[in-house]
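Worksheet for the structure shown next.
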Amino acid sequence: MAERDGVEAVGTAGATRGRLLSLLRKQGGMNAAMLAAELGLTEMAIRRHMHELERQGSVSIVPQRQPKGRPLHVYLLTDAADRHFPRNYHTLAIDLLAELESDPDTLPLIDRMFEGRKRKLLERYAPRMEGKTLEERVRELTAIQNGGGYMAEMERGDGDGYMLHEYNCPISDVAGRYDQACQCELSLFRSLLEANVQRTECLAKGGNRCSYAIGKFGPAALLSGE
3 MAERDGVEAV
13 GTAGATRGRL
23 LSLLRKQGGM
33 NAAMLAAELG
43 LTEMAIRRHM
53 HELERQGSVS
63 IVPQRQPKGR
73 PLHVYLLTDA
83 ADRHFPRNYH
93 TLAIDLLAEL
103 ESDPDTLPLI
113 DRMFEGRKRK
123 LLERYAPRME
133 GKTLEERVRE
143 LTAIQNGGGY
153 MAEMERGDGD
163 GYMLHEYNCP
173 ISDVAGRYDQ
183 ACQCELSLFR
193 SLLEANVQRT
203 ECLAKGGNRC
213 SYAIGKFGPA
223 ALLSGE
């Protein structure tokens, strides 16, 4: 179907928006007419796509003054648009950690870095747990993890307990090499939930997901090696 007529196949919408984002990344601010000329689409079609990208938080509309007449509206990428472009943070993180690991004098810094990360995350999220029941805290933690791309789900466990499952690990490359990453997460969960938390399955160790059994306070029964 021709998008020039204002109609397009659903499957091409994502590709078209990807091209629009790439243009804005390379060219900077562009208006609907400029984008339409680049892609061979109507301005109406461009505005429809940009409305969706604005709704997602990937672009913003900024008025641009003209010598005469009304201001033009220019589309600009937001910081949130970075998620649409390739990133190589995991390689940088592993390279930096490997550099610390290679020197006996700096090796202890790896543990300090992960502990520092846990402390920052605890300071960031602890206020969201205040005044909540255990169930509410688990729901809040599930929302936090989903916001971080972990594809988390919560379900009722045995008795008064709960299960938290994560089907994606955004830091899998780091976690696969450094156990401290998984230990940081486990310790963070215990602190945020103020509960007994036991990891029962781990993606970094070959599992199909990361699973946590969550219960009320009691002896901390951990898996072997955790």
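Quick note on the numbering used here: the sequence shown kicks off at 3 and runs consecutively.
Note that CB positions come from ideal geometry on N, CA and C, so glycine has one too.
For the alpha helix (DSSP H) containing residue i, name the first residue and the last one.
i: Ala35; result: Ala34 to Leu41
i: Ala15; result: Ala15 to Gln29
i: Gly149; result: Leu136 to Gly149
Tell me whether residue i is buried or exposed, calling it buried when 16 or more other Cβ atoms sit within 10 Å of its Cβ.
i: Ser1; result: Nothing about residue 1 can be reported from this structure: the residues present for the chain run from 3 to 228 only.
i: Phe191; result: buried
i: Tyr180; result: buried
i: Met131; result: buried
i: Leu39; result: First, the amino acid is wrong: residue 39 is Ala here, not Leu. The residue in question, Ala39, is exposed, as its Cβ has fewer than 16 Cβ neighbours within 10 Å.
i: Met46; result: exposed
i: Tyr214; result: buried
i: Glu187; result: buried
i: Phe87; result: exposed
i: Arg1; result: No statement about residue 1 is possible, as the shown extent of the chain runs from 3 to 228 and does not include it.
I need the boundaries of the beta strand (DSSP E) containing residue i, first residue and last residue.
i: Tyr77; result: Leu74 to Leu79
i: Asn198; result: Asn198 to Glu203
Quick one: what's got a C-beta closer than 7 Å to residue i's C-beta in the same chain, skipping five residues either side?
i: Leu109; result: Leu102 and Glu103
i: Met32; result: Leu25, Leu26, Val76 and Tyr77
i: Leu111; result: Leu102
i: Ala197; result: Leu136, Ile216, Gly217, Lys218 and Phe219
i: Glu142; result: Arg130, Met131 and Lys134
i: Pro65; result: Pro73 and His75
Are the CB atoms of residue i and residue j nearer to each other than 8 Å?
i: Thr144; j: Met153; result: no
i: Arg49; j: Ala35; result: no
i: Leu194; j: Ala128; result: yes
i: His51; j: Arg19; result: yes
i: Arg211; j: Tyr164; result: no
i: Leu55; j: Leu22; result: yes
Which class does residue i belong to by DSSP, given the choice of helix, strand or coil?
i: Tyr91; result: helix
i: Thr108; result: coil
i: Gln66; result: strand
i: Glu101; result: helix
i: Met115; result: helix
i: Ser60; result: coil
i: Tyr127; result: helix
i: Ile173; result: coil
i: Arg211; result: coil
Under 7 Å from any heavy atom of the ligand MN, does the C-beta of residue i make it?
i: Ala197; result: Among the ligands in the structure shown, none appear at all, so the ligand MN cannot be discussed.
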